[in-house]
Amino acid sequence: MAERPVAQGPSSPGRPLWLLAELTYRCPLQCSYCSNPLDFAAQHNELSTDEWIDAMRQARAMGAVQLGFSGGEPLVRQDLETLVAEARKLGFYTNLITSALGLNETRIGALREAGLDHIQISLQAGDADVAAAVAGSPKAHAKKLAMARAVKAAGYPMVLNVVLHRHNIDDIDAIIALCDDLGADAVELANCQLYGWAHLNRTGLLPSREQLEAAEATTQRWREALSARGRDMRLLFVVPDYYAERPKACMGGWGAIFMTVAPDGTVLPCHSARILPMTFPSVREQSLETIWYESFAFNRFRGDAWMPAPCRDCDERHQDFGGCRCQAYLLTGDPTATDPVCALSPDHSLIEAAREEAAADQRSAHELTPRNTHESKVFCRA
Ligand code: SF4
Ligand code: SF4
1 MAERPVAQGP SSPGRPLWLL AELTYRCPLQ CSYCSNPLDF AAQHNELSTD EWIDAMRQAR
61 AMGAVQLGFS GGEPLVRQDL ETLVAEARKL GFYTNLITSA LGLNETRIGA LREAGLDHIQ
121 ISLQAGDADV AAAVAGSPKA HAKKLAMARA VKAAGYPMVL NVVLHRHNID DIDAIIALCD
181 DLGADAVELA NCQLYGWAHL NRTGLLPSRE QLEAAEATTQ RWREALSARG RDMRLLFVVP
241 DYYAERPKAC MGGWGAIFMT VAPDGTVLPC HSARILPMTF PSVREQSLET IWYESFAFNR
301 FRGDAWMPAP CRDCDERHQD FGGCRCQAYL LTGDPTATDP VCALSPDHSL IEAAREEAAA
361 DQRSAHELTP RNTHESKVFC RA
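Start counting the sequence shown at 1; every next residue gets the next number (the UniProt record's numbering).
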């Protein structure tokens, strides 16, 4: 039986602007910070090419303009070029978010011909040994560098994304130098968001405050040096939530602008949300329009009527929307709680405790739990 929506927040939500198409959870790498669900190995029933095209058509008809192809590794799907071409015909601005594993000159050419607008490649580190330990592959780093050069040679604007954590953050000078050498147009130095596999490994990933401050200072020095050289390479440094005083405005608000379709067709307000103790609808069973406007799941945390104290009386509630529901649930067991990252949250001591726990965790990058099918099966049985 369909769940009934509850009236929450704005009576008429705006249109989705962003569609994230998680084409698959399959991936050749094993990043210990991957945000994919712990039980991804239980997911086999990927949407077909036609089902994806239908979902894209629906999203575009609703007004979505940005389309990200993500995963897992989206290049695992051999129909990626077909989907890109269809997205282009529909009028989306398209972005491929990839590890570059599965990329080659032929596919770069085919994606260009299909009309792909933009490519974002992830790097694990500046140093090949650290990259191998984090990604679980000794060869991936060299492949990524070669493909980053090929992407630039093909004339694409390129963003390099580096997930920062305690095992690579001290290497930030070399990381930025490498990105500069590769010709990146922008670099996201994104401190690890602690969801999925990253939450499982969080005490072994969280950097110290000293590491963080040193990395920010190095990034600032690079900004000044790049500017002095006239080199246009934007550096975006994303501070980890666990060292912030206020939470991020997660996804620009729940069900406000962003819609994710997971590999099996589950529709989510953000890619992490399927961990929450609630049922999310599927594009195989309902239209995206019905899901966006009418489903219980998309209305549950819209607006501010659902908020507990202290958020409900806080002047900042329309800036951060009470923070992240996934983070609130992972830390407190209550998805309606104020995000404990907020210094005003009654649960903020959980963040302080997690920082202390992390300081006592001496594991090397090799000792973290890898994101792979074998480990995932443990959570499929749980
Ligand atoms: S974070 Fe790593 S393991 Fe996860 S999908 Fe991306 S490349 Fe694959
Ligand atoms: S109390 Fe709630 S609304 Fe206020 S700053 Fe903290 S998380 Fe944001």
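From the three backbone atoms N, C-alpha and C, an ideal C-beta is built for every residue, glycine too.
- By the Cβ rule, the stretch 104-123 does not count as touching the stretch 350-358, because fewer than three pairs are nearer than 8 Å.
- Excluding residues up to 5 positions away in sequence, MET233 lie with their Cβ nearer than 6 Å to the Cβ of LEU226 in the same chain.
- Taking C-beta atoms as the reference points, PRO370 and GLN43 fail to come closer than 8 Å.
- For ILE172, the enclosing alpha helix (DSSP H) starts and ends at 172-182.
- When only Cα atoms are considered, SER70 and THR266 end up about 15 Å apart.
- Per DSSP, the beta bridge partners of TYR93 are GLN66.
- When the beta-carbon positions are compared, ALA215 and ILE169 come within less than 8 Å of each other.
- The C-beta of SER99 has 16 or more other C-beta atoms within 10 Å across all chains shown, which makes the residue buried.
- TYR242 sits close to ILE351, with the two beta carbons spaced by under 8 Å.
- For GLU213, the uninterrupted alpha helix (DSSP H) run begins and ends at 209-229, by DSSP.
- Apart from sequence neighbours up to five positions away, the residues of its chain that approach GLN211 with a beta-carbon distance below 8 Å are ARG166, ILE169 and ASP170, ordered along the chain.
- According to the DSSP secondary-structure assignment, THR98 is paired through a beta bridge with ILE121.
- As computed with DSSP, VAL239 is found in no beta bridge at all.
- Inclusion of SER122 and HIS271 in the CB contact set at 8 Å is not warranted, their separation being larger than that value.
- Comparing alpha carbon positions, the residue from CYS250, PHE296 and GLY63 closest to ARG325 is CYS250.
- The three-state secondary structure of ASN299, taken from DSSP, is helix.
- Per DSSP, the beta-bridge partners of PHE258 are TRP18.
- Using a 10 angstroms sphere on the CB of ASN299, the tally of other CB atoms reaches 16 or more, which defines it as buried.
- The straight-line gap separating the alpha-carbon atoms of GLY183 and LYS152 is approximately 7 Å.
- Rounded to the nearest angstrom, the gap between the Cα atoms of GLN327 and ASP361 is 21 Å.
- In this structure LEU200 does not touch LEU331 by the C-beta definition: roughly 14 Å separates them, more than the 8 Å allowed.
- Secondary structure at ARG234: strand, using DSSP grouped into helix, strand and coil.
- Those residues that have a beta carbon less than 6 Å away from any non-hydrogen atom of ligand 2 are, in order along the chain, ARG246, PRO247, PRO310, CYS311, CYS314, GLU316, ARG317, ASP320, GLY322, GLY323, THR338, ASP339, CYS342 and LEU344.
- A distance filter of 7 Å between CB atoms and the heavy atoms of ligand 1 selects the following residues in sequence order: CYS27, LEU29, GLN30, CYS31, TYR33, CYS34, SER35, ASN36, GLY71, GLY72, GLU73, SER99, SER122, ALA135 and ARG371.
- Annotation: GLN124 to ALA21 spans about 23 Å, alpha carbon to alpha carbon.
- In this structure the stretch 155-162 does not lie against the stretch 331-342, because fewer than three pairs of beta carbons, one per stretch, are closer than 8 Å.
- Secondary structure note for GLU188: its beta strand (DSSP E) is the uninterrupted segment 186-191.
- Counting the other Cβ atoms within 10 Å of the Cβ of ASN45 gives fewer than 16, which makes it exposed.
- Just so you know, the alpha carbons of GLY230 and LEU67 end up roughly 31 Å apart.
- VAL283: not part of any alpha helix (DSSP H); DSSP gives it neither H nor E.
- Under the DSSP assignment, MET147 falls in the alpha helix (DSSP H) whose first and last residues are 140-153.
- The beta-carbon separation of ALA146 and LEU101, rounded to 11 Å, does not stay under the 8 Å limit for a contact.
- Put simply, the backbone Cα of SER376 is about 33 Å away from that of TYR293.
- Of all alpha-carbon atoms in LEU19, ARG26, ARG15 and SER32, the one lying nearest the alpha-carbon of TYR195 is that of SER32.
- Between GLN58 and ASN95 the beta-carbon gap is near 19 Å, outside 8 Å, which marks them as no contact.
- As the crow flies, the alpha-carbon of PHE40 is around 17 Å from that of PRO277.
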